[in-house]
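Visitor:
In the numbering used here, the protein residues as written are 60 to 303.
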């Protein structure tokens, strides 16, 4: 579904992403791991159109995403949540998700239907699917950090993505919130047929839910393979997993 081919991105003299490559097959949960500064978030910014690559290609369902702006990438079927929560804190939970649903309807030329009523139905369905239906009237700024991260996923789902990109989905969460959020990600992947690409520092999470793992080190792809292949790779053990 998604192929990143030899992508390069530099900022002045700093080479943030160096010939990185990545494969995300349809229907899989794929993790990107690596030390801080390895280039993970920069890679996600390149995939979603926030940054433009200096070289290389990013293909989604065979289409080159090069030069597309973030909203155009979103229209192609890629949704994203961020490392730092990106929501409207003064609006309600319901309003946050409804904005995304209405935006998707407008871009999909769905306004010929009774859009507002349809948006209400779809918004409530999304909130139900992520477990926030009982909090739809709450102001987002009053929610816990964990609930705000879940809300951000619901907002991303409002655009009906085929590929959902999650940047550290459990960052700042309590152990209970972390467990709940990982179960939610697995549930959404299964019930909605989503393909998931995520980066995460908790290796227990990465190795428990991923079909494939790509390891970044100093901006480049060290390896991409099954959890077992990655765990046993000598360079990965030396650079990241703490092996001898």
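Where is the CB? At the ideal position from N, CA and C, for every residue including glycine.
State the DSSP-derived secondary structure class of residue 255, mapped to helix, strand or coil.
Guide: Correct three-state label for residue 255: strand.
Visitor: Shortest alpha-carbon distance to residue 60 belongs to which of 88, 76, 79, 69?
Guide: Comparing Cα positions, the closest option is 88.
Visitor: So, helix, strand or coil for residue 203, using DSSP?
Guide: If DSSP states are grouped into helix, strand and coil, residue 203 belongs with coil.
Visitor: Which of the three DSSP states is assigned to residue 280 in this structure?
Guide: Looking at residue 280 - three-state DSSP - the assignment turns out to be strand.
Visitor: Taking residue 116 as part of the beta strand (DSSP E), name the residues at either end of that continuous run.
Guide: Element bounds for residue 116: 114–119.
Visitor: Buried or exposed: where does residue 201 fall if 16 or more other Cβ atoms within 10 Å of its Cβ makes it buried?
Guide: Exposed.
Visitor: Going by DSSP, what residue range makes up the alpha helix (DSSP H) through residue 68?
Guide: From DSSP, residue 68 is part of no alpha helix (DSSP H) but of the beta strand (DSSP E) over 61–70.
Visitor: Between the Cα of residue 100 and the Cα atoms of 85, 228, 241, 189, which residue gives the shortest distance?
Guide: Comparing Cα-Cα distances from residue 100 to each of 85, 228, 241, 189, the minimum goes to 228.
Visitor: Please state whether the Cβ-Cβ distance between residue 255 and residue 223 is less than 9 Å.
Guide: Yes, Cβ-Cβ distance for residue 255 and residue 223 is below 9 Å.
Visitor: To which residues of the same chain is residue 204 closer than 6 Å at the C-beta, ignoring the five residues directly before and after it?
Guide: 231, listed in sequence order.
Visitor: Residue range of the alpha helix (DSSP H) that residue 149 falls in?
Guide: Segment: none, residue 149 is in no alpha helix (DSSP H) and carries neither H nor E.
Visitor: Does residue 170 pass the burial test, meaning 16 or more other C-beta atoms within 10 Å, or should it be called exposed?
Guide: Reliability fails at residue 170, whose pLDDT of 49 lies under 50, so the model's placement of it is uncertain and no value is given.
Visitor: I'd like to confirm the pairing. Which residues does DSSP put opposite residue 138 in its beta bridges?
Guide: For residue 138, which the question treats as bridged, DSSP gives the partners 223.
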